[in-house]
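Below is one structure, written out as structure tokens; comments come after it.
Number of protein chains: 2
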Amino acid sequence: MTDALALEPVGKREKTKAANRLAILAAAREVFAQLGYEAATVRDIIRGTQLASGTFYNYFKSKEEVYEALADDGARRFRPILRMARENARSFEDYLHSAFVAYFQFIVADNRTEGRPIDERRPHVLRMDTPEMMAVYQEVRQSLEEAVARGDAPRVDADYLACACIGTAQEVGAEMLRRSPPDIDAAARFVTGLLLNGLQGAARKS
Amino acid sequence: MTDALALEPVGKREKTKAANRLAILAAAREVFAQLGYEAATVRDIIRGTQLASGTFYNYFKSKEEVYEALADDGARRFRPILRMARENARSFEDYLHSAFVAYFQFIVADNRTEGRPIDERRPHVLRMDTPEMMAVYQEVRQSLEEAVARGDAPRVDADYLACACIGTAQEVGAEMLRRSPPDIDAAARFVTGLLLNGLQGAARKS
DNA sequence: GCATGAAATTGACGTAACGTCATTTTTGTG
DNA sequence: CACAAAAATGACGTTACGTCAATTTCATGC
Numbered sequence: 001m002t003d004a005l006a007l008e009p010v011g012k013r014e015k016t017k018a019a020n021r022l023a024i025l026a027a028a029r030e031v032f033a034q035l036g037y038e039a040a041t042v043r044d045i046i047r048g049t050q051l052a053s054g055t056f057y058n059y060f061k062s063k064e065e066v067y068e069a070l071a072d073d074g075a076r077r078f079r080p081i082l083r084m085a086r087e088n089a090r091s092f093e094d095y096l097h098s099a100f101v102a103y104f105q106f107i108v109a110d111n112r113t114e115g116r117p118i119d120e121r122r123p124h125v126l127r128m129d130t131p132e133m134m135a136v137y138q139e140v141r142q143s144l145e146e147a148v149a150r151g152d153a154p155r156v157d158a159d160y161l162a163c164a165c166i167g168t169a170q171e172v173g174a175e176m177l178r179r180s181p182p183d184i185d186a187a188a189r190f191v192t193g194l195l196l197n198g199l200q201g202a203a204r205k206s
Numbered sequence: 207m208t209d210a211l212a213l214e215p216v217g218k219r220e221k222t223k224a225a226n227r228l229a230i231l232a233a234a235r236e237v238f239a240q241l242g243y244e245a246a247t248v249r250d251i252i253r254g255t256q257l258a259s260g261t262f263y264n265y266f267k268s269k270e271e272v273y274e275a276l277a278d279d280g281a282r283r284f285r286p287i288l289r290m291a292r293e294n295a296r297s298f299e300d301y302l303h304s305a306f307v308a309y310f311q312f313i314v315a316d317n318r319t320e321g322r323p324i325d326e327r328r329p330h331v332l333r334m335d336t337p338e339m340m341a342v343y344q345e346v347r348q349s350l351e352e353a354v355a356r357g358d359a360p361r362v363d364a365d366y367l368a369c370a371c372i373g374t375a376q377e378v379g380a381e382m383l384r385r386s387p388p389d390i391d392a393a394a395r396f397v398t399g400l401l402l403n404g405l406q407g408a409a410r411k412s
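Protein chains in written order, with this note's numbering: chain A, 1 to 206; chain C, 207 to 412.
As structure tokens, this is what we get:
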């Protein structure tokens, strides 16, 4: 019974590796927030950790890769939230609305730290092609395809529709963040109505 | 009468300055396409011109600023096209459709050169607020506000709606570019229908 | 425990890009 | 043609990059 299922790393090797990776990501998050992504250098990130410069390159090979890892982690955290929104939804409209609420809540929570303007630090650009981000895209696309199959939505190009949902969520979300305080539910209602019923739908309850 | 209205630069000074600026922008466009934006360096751009390194810094202070200038130029070229779409439109639906057609034509034309995948040619992070891009945003917003005022569209949050239009156009446009051959009219019909009538509208004629 | 080697860390180093600035060249003007 | 303002030049000091041989840390078998 000494070696139970090792879901989490137990050896010291594995543990420091995980800790270093986390330290780099945390430092990068901070540096991007303070200096902005463009101005930040690999050296700035390294200085934010206790590690030697060479060690950094055992984990990532560039600033871009660090950024990708941050984005990937964000997507990894968001995906189960999205999944639950799908599973708990009592209708298609309900699914759309709760998915948008979830996304808007997510970006609000993800941008609480002080620092540079949000646009300069790190993207919520779902465009990047990290594995987890593609998985999020597929999650969205499948939800929409299922809705079509169930007859909840008309037959449309699922890829275009997924792109439209994601693009709308991103831009409206960014605009929502610029307002204070951000009204998550109003934004979600707007987007849901727009997608379901077009401009007529978007005008509901506003 | 020696000095008539000098709309275009005539002095040699002004002329070489304009030419140098153009040379830098052209070189940058090529370099971004070949190496990708992230990998490109200021020196790479300089090597693509006949200029000395110091000269570059008389015109731009960084790679980011060059990209901004490229983006700004794109917006400057696009704005009159959008304006004409508005003026020539016979209905709101017609305006939306022709505006989207114009945008999709524009991005198709703007990405004809061979090289790296399009996503890599531009910065990942920067959400750019160049003057011309903001002008395009205002142009879109005003068109939508006018439509509301005329009763062509219901009363909605014009900023959110503009964001939704732009976000949708960007994402669907990017997806369209990934397909070959890109079907501009199909994409425009999809987006127009979606915005006007929601999912029901998006399903029309597909 | 202790020996042993694999794995990870370290930081100094050669390379390359950065941005500046004193100098030179070019252009407009009287 | 002379003179000053403007622009171009490229060498230079500085900073960041990414590598790698040396060193330290850890897991494993005895």
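No residue lacks a Cβ here, since even glycine has one placed at the ideal position from N, Cα and C.
Which residue from A:Thr113, A:Val101, A:Ile166 and A:Ala23 puts its Cα closest to that of A:Glu139? The shortest C-alpha to C-alpha distance from A:Glu139 to any of A:Thr113, A:Val101, A:Ile166 and A:Ala23 is the one to A:Ile166.
By Cβ distance, which residues of its chain are closer than 7 Å to A:Glu30, with the 5 residues on each side in sequence left out? These residues qualify, in order along the chain: Gly48.
Contact list for the region 68-97 of chain A against chain C, Cβ threshold 8 Å: Look at the region 68-97 of chain A: it has no residue with a C-beta under 8 Å from a C-beta of chain C.
Would C:Leu400 pass as a contact of A:Ala158 if the rule is Cβ separation under 9 Å? No.
In its own chain, which residues sit with a C-beta less than 6 Å from the C-beta of A:Tyr103, not counting the 5 before and 5 after it? Closer than 6 Å at Cβ, skipping near neighbours: Ala169.
Closer than 9 Å to chain C by CB, A:Gln200: So yes, A:Gln200 belongs to the interface.
Below 7 Å CB to CB, which residues in the same chain sit around A:Thr76 once its five sequence neighbours on both sides are set aside? In the sequence as presented, Thr is not what sits at residue 76 of chain A; that position holds Arg. Cβ neighbours of A:Arg76 within its own chain (closer than 7 Å, five residues either side excluded): Glu132.
Can you list the residues of chain A that C:Glu244 reaches, using a CB-CB cut of under 7 Å? The CB of C:Glu244 comes closer than 7 Å to the CB of Glu64 in chain A, given here in chain order.
Inter-residue Cα distance where the pair is A:Arg189 and A:Leu51: Looking at the two C-alpha atoms, the distance is approximately 47 Å.
Take the Cβ of A:Ala18 as the centre, count every other Cβ of all protein chains shown within 10 Å, and call the residue buried at 16 or more, exposed below. Classification for A:Ala18: exposed.
9 Å is my cut-off, CB to CB: does C:Ile251 come that close to chain A? For C:Ile251, the answer is no, since every Cβ of chain A falls outside 9 Å of its Cβ.
State buried or exposed for A:Leu126, treating a residue as buried only when at least 16 other CB atoms are found within 10 Å of its CB. Confidence at A:Leu126 is low in this model, with a pLDDT of 41, below 50, so the placement of that residue is unreliable and no value is reported for it.
With a floor of 4 residues, list each alpha helix (DSSP H) that falls wholly inside the region 219-274 of chain C, ordered by position along the chain. Correct list: 248-253 and 259-265.
Among C:Pro329, C:Val272, C:Glu244 and C:Leu350, which has the Cα closest to the Cα of C:Arg289? Checked all of C:Pro329, C:Val272, C:Glu244 and C:Leu350; the closest Cα to C:Arg289 is C:Leu350.
Chain C contact for A:Ile107 (CB, 9 Å cutoff): No, its Cβ sits nowhere closer than 9 Å to a Cβ of chain C.
Are the CB atoms of C:Leu231 and C:Tyr275 within a distance shorter than 9 Å? Reading off the sequence shown, one finds Ala at residue 275 of chain C, where the question assumed Tyr. It is a contact, given that the beta carbons lie within the stated cut-off.
What's the gap between the Cα of A:Met176 and the Cα of A:Ala186? For A:Met176 and A:Ala186, the distance between alpha carbons rounds to 9 Å.
At least three beta-carbon pairs within less than 8 Å, the region 146-153 of chain A to the region 54-67 of chain A: Touching, no.
Contact check, A:Val172 vs A:Phe78, beta carbons under 9 Å: Result no, Cβ atoms of A:Val172 and A:Phe78 do not sit closer than 9 Å.
Just verifying my parser: in three-state terms, what is the DSSP assignment at A:Val156? In this structure, A:Val156 counts as coil in the three-state DSSP scheme.
Using the Cα positions of C:Glu220 and C:Arg227, report the straight-line distance between them to the nearest angstrom. About 11 Å.
A:Val172 touches chain C at which residues, Cβ-Cβ below 8 Å? For the C-beta of A:Val172, the chain C residues within less than 8 Å are, from N- to C-terminus, Tyr366, Cys369, Ala370 and Gly373.
Taking CB distances under 9 Å as the criterion, tell me whether C:Leu401 reaches chain A. Closer than 9 Å to some Cβ of chain A, the Cβ of C:Leu401 qualifies, so yes.
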